[in-house]
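Student:
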Amino acid sequence: MVLTDEQKKIVQSTAPVLKEHGKQITSVFYQHVQEAHPELRNIFNQSNQTTGSQPMALAFTLYCAAEHINHLDVLMPQVEQIAYKHRALLVKPEHYPIVGKFLLEAIAEVLGAKATPEILEAWKATYSVISSIFIGLEKGLYAKLGDDERDKGFISFKVVSKETVAAGPTVALTLERADGGKLFDYTPGQYIAVRLEKGGLFHNRLYGLTEPSNGKTYSIVMKQEADNASNATVSNEIINNLNVGGTILATNPSGNFTLVNDAKHNLFIAGGVGIGPLSAMVQYLSANGKSSSASLIHCVRTAGHAIFADKLRAALPEGQYVLLTADQPISKAILASKLQPDTQVYVSGSEAFISIVDAVLVECAHPKSQIHTEAIGPSLSILKRCC
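Everything in the sequence shown is counted per the UniProt record's numbering, starting at 1 for the first residue and increasing by one.
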């Protein structure tokens, strides 16, 4: 479907309305689509539905698309980042028409008489264009996994080690493929999706891989959280109930949060357990004789919450590992001492943490094109750089 110029004008003119009512629209959408298609509950994160973070992320995605409807190419880096997450969570082409149908119905329900046939048709065409982009990108990502369909879904992995590595408690797992199948190499910064069953539903969460690829195992780290916290179910169940020798489901590595090739200066900024993917990046640079190009700032509640502190401090030259606790928050002065004009900055942590770091980087006037983020949970920061 092709958007007409008139439809583009309608979408742009109704973008503020969507922004105002976006969370309500997407909340209605999630309720109705999961009632009609309960199988999708195994894809949608139920914890994020409860906290409202997932509806807000979807609403903001739609708003950004409306804002940039004449130049969707501006959003492609962010769209690609979302597509990688979709591939990890097994979003398929057949899911998009279902989502589109219930999204339009939610818009009509919330806006009432304001949702004229012309407005609904314009948004239908917009959704068709956007979904076609995602389907095309995700088709290519699935193709990279080869012809064996087992490699494109959730795979059984055996826990070969489980170790408490910091306060929280914070636990590191090492996983080995249980069926003897191929273990895919990955790029530092990528993640896997982990799935477990509880209460009759599958629950999914993405975990950054904490070690450089070794062809034998995948390693991840997680922290116990309050039961009502976003994304808490998977981590808490693993920490409390999964032991060495047990099995868990996971997909093959995905993600485009990776090192910029040949960067002369790299600054890694982690919030708590967000250190996971940055740990792999730092260790990779160290193993390849490039540790002098890297500095790491790890922000934690207390020194006891510093994950992999000894390992990462040893991987970097003296003074290039900085640990900040709650009584010394990240600041312009701290960042300015680590930034050069060509520094590539990698930020990993919660959405709230990324927002804080973003604000400080703005104070430092660091180029947005040199800032790369990976959020724990649904990420608004992915699109905020464009909207």
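All residues carry an ideal CB built from backbone N, CA and C; glycine is no exception.
On the DSSP letters alone, give me the boundaries of the alpha helix (DSSP H) that E163 sits inside.
Tutor: No alpha helix (DSSP H) contains E163, which is instead part of the beta strand (DSSP E) from 155 to 166.
Student: Confirm, please, whether the CB-CB distance from E109 to V28 is below 8 Å.
Tutor: A Cβ-Cβ contact shorter than 8 Å links V28 with E109.
Student: Contact between the region 214 to 229 and the region 242 to 249 is defined here as three or more beta-carbon pairs at a separation below 8 Å; is this criterion met?
Tutor: No, the region 214 to 229 is not in contact with the region 242 to 249.
Student: May I ask you to list the residues that DSSP assigns as paired with L175?
Tutor: Under DSSP, L175 shares a beta bridge with V159, Y218.
Student: Taking C-beta to C-beta, are P253 and Y321 nearer than 8 Å?
Tutor: no
Student: As a quick exercise: from E39, I119, F44, I371, pick the residue whose alpha carbon is nearest that of L267.
Tutor: Comparing alpha-carbon positions, the option among E39, I119, F44, I371 lying closest to L267 turns out to be I371.
Student: Between the alpha carbons of M281 and S293, how many angstroms are there, rounded?
Tutor: The straight-line gap from Cα to Cα measures roughly 12 Å.
Student: Count the other CB atoms within 10 Å of the CB of S337; is the residue buried (16 or more) or exposed (fewer)?
Tutor: exposed
Student: Would you kindly report the start and end of the unbroken beta strand (DSSP E) that includes T373?
Tutor: That run of the beta strand (DSSP E) goes 371 to 376.
Student: Going by the DSSP bridge assignment, what does G271 pair with across the sheet?
Tutor: In the DSSP secondary-structure assignment, G271 is bridged to C299.
Student: Using C-beta distances below 6 Å, list every residue in its chain close to F353, excluding the 5 sequence neighbours before and after it, in chain order.
Tutor: Contacts found: G271.
Student: Go through its chain and collect everything with a Cβ distance to residue 391's Cβ below 6 Å, but skip five positions before and after it.
Tutor: Missing from the structure shown is residue 391; the chain here goes from 1 to 387 and no further.
Student: Can you tell me which of A314, S355, A263 puts its alpha carbon nearest to the alpha carbon of Q340?
Tutor: A263
Student: Alpha carbon to alpha carbon, how far is A115 from N231? Give it in angstroms, no decimals.
Tutor: 34 Å
Student: Can at least three beta-carbon pairs, one atom from the region 55 to 70 and one from the region 173 to 183, be found at a separation below 8 Å?
Tutor: no
Student: By Cβ distance, which residues of its chain are closer than 7 Å to S13, with the 5 residues on each side in sequence left out?
Tutor: none
Student: Counting Cβ pairs closer than 8 Å, one from the region 163 to 172 and one from the region 187 to 207, do we hit at least three?
Tutor: no
Student: Apart from the five residues on each side of it in sequence, which residues of its chain come closer than 8 Å, Cβ to Cβ, to A59?
Tutor: L18, K19, G22, K23, I25, T26
Student: Could you check the C-alpha separation between L183 and P317 for me, to the nearest Å?
Tutor: 32 Å
Student: Leaving aside the five residues before and after L383 along the sequence, list all residues of the same chain whose C-beta is less than 8 Å from its C-beta, in chain order.
Tutor: Caution applies to L383, whose pLDDT of 48 falls short of 50 and renders its modelled position unreliable; the value that the coordinates give is listed next. Around L383: F60, T61, C64, L75, Q78.
Student: Can you tell me whether E6 is buried or exposed, with buried defined as 16 or more other CB within 10 angstroms of its CB?
Tutor: exposed
Student: For Q190, name the three-state secondary structure that DSSP assigns.
Tutor: coil
Student: Mapping the DSSP letters down to three states, classify H86 as helix, strand or coil.
Tutor: helix
Student: Based on the DSSP secondary-structure assignment, which residues constitute the bridge partners of L183?
Tutor: DSSP output for L183 lists no bridge partner at all.
Student: What number of angstroms, rounded off, separates the C-alpha of G153 from the C-alpha of A106?
Tutor: The alpha-carbon separation between G153 and A106 amounts to approximately 30 Å.
Student: Is it buried or exposed for H71, if we count other Cβ within 10 angstroms and need 16 for buried?
Tutor: exposed
Student: What does the Cβ neighbour count give for Q283, buried or exposed, with the cut at 16 atoms within 10 Å?
Tutor: buried
Student: Roughly how many whole angstroms lie between the Cα atoms of P38 and H95?
Tutor: 12 Å
Student: To the nearest angstrom, how far is the alpha carbon of L175 from that of E197?
Tutor: 18 Å
Student: Suppose the cutoff is 7 Å on Cβ atoms and the five residues either side in sequence are ignored; what does the same chain contact list for T187 look like?
Tutor: T258
Student: Mind checking L380: buried by the 16 CB within 10 Å criterion, or exposed?
Tutor: Reliability of the predicted coordinates at L380 is poor, the pLDDT of 46 falling under 50, and the value obtained from them is presented with this limitation in mind. By the neighbour-count rule (16 or more Cβ atoms within 10 Å), L380 is buried.
Student: Please classify L196: does DSSP put it in a helix, a strand, or coil?
Tutor: strand
Student: Enumerated in chain order, which unbroken segments of the alpha helix (DSSP H) with a length of 4 residues or greater are wholly contained in the UniProt domain "Globin" (2 to 139)?
Tutor: 5 to 36, 46 to 51, 53 to 67, 76 to 88, 95 to 111
Student: What's the C-alpha gap between I307 and S355?
Tutor: 22 Å
Student: Taking only three categories from DSSP, how would you classify Q344?
Tutor: Q344 falls in the strand class under three-state DSSP.
Student: Please report how far the alpha carbon of A130 lies from the alpha carbon of S369, in whole angstroms.
Tutor: A small correction: the amino acid at residue 130 is Ile; Ala does not occupy that position in the sequence shown. Rounded to whole angstroms, I130 to S369 spans 23 Å at the Cα level.
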